[in-house]
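Using numbering that gives the first Met the number 0, the first residue of the sequence shown is number 0, and each one after it goes up by one.
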Amino acid sequence: MTDSNKRFTRDQIAARVAQDIPEGAYVNLGIGLPTKVANYLPAEREVFLHSENGLLGMGPAPAPEDEDEDLINAGKQPVTLLTGGAYFHHADSFAMMRGGHLDVCVLGAFQVSEHGDLANWHTGAPDAIPAVGGAMDLAIGAKQVFVMMDHVTKTGDSKIVEACTYPLTGVACVNRIYTDMAVLDVTPKGLTVLEMAPGLTFEELQAATGATLLP
0 MTDSNKRFTR DQIAARVAQD IPEGAYVNLG IGLPTKVANY LPAEREVFLH SENGLLGMGP
60 APAPEDEDED LINAGKQPVT LLTGGAYFHH ADSFAMMRGG HLDVCVLGAF QVSEHGDLAN
120 WHTGAPDAIP AVGGAMDLAI GAKQVFVMMD HVTKTGDSKI VEACTYPLTG VACVNRIYTD
180 MAVLDVTPKG LTVLEMAPGL TFEELQAATG ATLLP
């Protein structure tokens, strides 16, 4: 088991993702961990955050006393709306997603394969509740797909694998993976390590990964 100190925190992962989102990008943040990215986008960088329930121009999370129960994202979390932000029907929101109008989407995942296949809507377990939401639309519609997730499951199994064993959301759609252990690019040659958590060795990272890594 890898030393828990040799890990990025969830806030550090979110800040790292925010660092890679360019000026002027239209971005969808998936439910859960990806929503943290909104809090780390530099104030001077113009990024347009999109929500599949019909918002464009979201800002960071509000302070508790400023929450508006009518202003929420797709995960039902309170959000803020920047000056110039817009509301629209969710059908229009999905048209944006399916029409290739989003530059980046950031999604969570149960598994990602070395080829960039994504499984994030169902584990296949009989008692699991399927929750695909707009993930399939985002996976094929966004120009770049970033995944944020823990590197391994609670039982220590790698979430980065040679081939997904869970039902797929999209095939060869993931461009970059951000975990608590590393940042990886999905390339035609395989998974390339861009960055590792402080103190972590390549050998430790490889041992925690179910697919071959390229240094």
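We put the beta carbon where it would ideally sit given N, CA and C, even for glycine. As the structure is a computational prediction, the values presented were derived from the model and not from experiment.
* For glutamine 110, three-class secondary structure by DSSP -> strand
* Apart from the five residues on each side of it in sequence, which residues of its chain come closer than 8 Å, Cβ to Cβ, to alanine 24? -> Val46, Phe47, Asp102 and Val103
* To do: Keeping to the same chain, check which residues put their C-beta closer than 7 Å to that of asparagine 119; ignore five residues upstream and five downstream.
  => Leu106, Gly107, Ala108, Phe109, Ala134 and Thr168
* Asked: Do alanine 210 and glutamate 113 come within 7 Å of each other at the CB atom, strictly closer than that value?
  -> yes
* CB contact flag (glycine 84, glycine 56, <7 Å) -> yes
* Three-pair Cβ contact test at 8 Å for the region 64 to 74 versus the region 142 to 157 -> no
* Can you give the Cα-Cα distance for leucine 117 and leucine 81, rounded to whole angstroms? -> 31 Å
* Cut-off 6 Å between Cβ atoms - residues of its own chain near leucine 213, not counting five sequence neighbours on either side -> Around leucine 213, the same chain offers Gly189 and Thr191 as residues with beta carbons nearer than 6 Å, after the five sequence neighbours per side are excluded.
* To do: Specify, as a first and last residue, the run of the beta strand (DSSP E) that methionine 195 falls within.
  => 189 to 195
* To do: Specify the secondary structure class of methionine 180 as computed by DSSP and reduced to three states.
  => coil
* So what's arginine 175 in DSSP terms, helix, strand or just coil? -> It is a strand residue.
* How is threonine 34 classed by DSSP in three states: helix, strand or coil? -> helix
* To do: To the nearest angstrom, report how far apart aspartate 179 and alanine 94 are at their CA atoms.
  => The straight-line gap from Cα to Cα measures roughly 33 Å.
* Can you tell which of Ala62, Ser50, Ala196 and Val131 has the C-alpha that lies nearest to the C-alpha of threonine 8? -> Ala196
* By how many angstroms is the C-alpha of valine 185 removed from the C-alpha of aspartate 91? -> In a straight line, the C-alpha of aspartate 91 is about 31 Å away from that of valine 185.
* **Runs of beta strand (DSSP E) lying entirely within the region 110 to 144, each at least 3 residues, in chain order** => The qualifying runs are 110 to 112.
* Any idea what DSSP makes of proline 77, helix, strand or coil? -> Three-state result, proline 77: strand.
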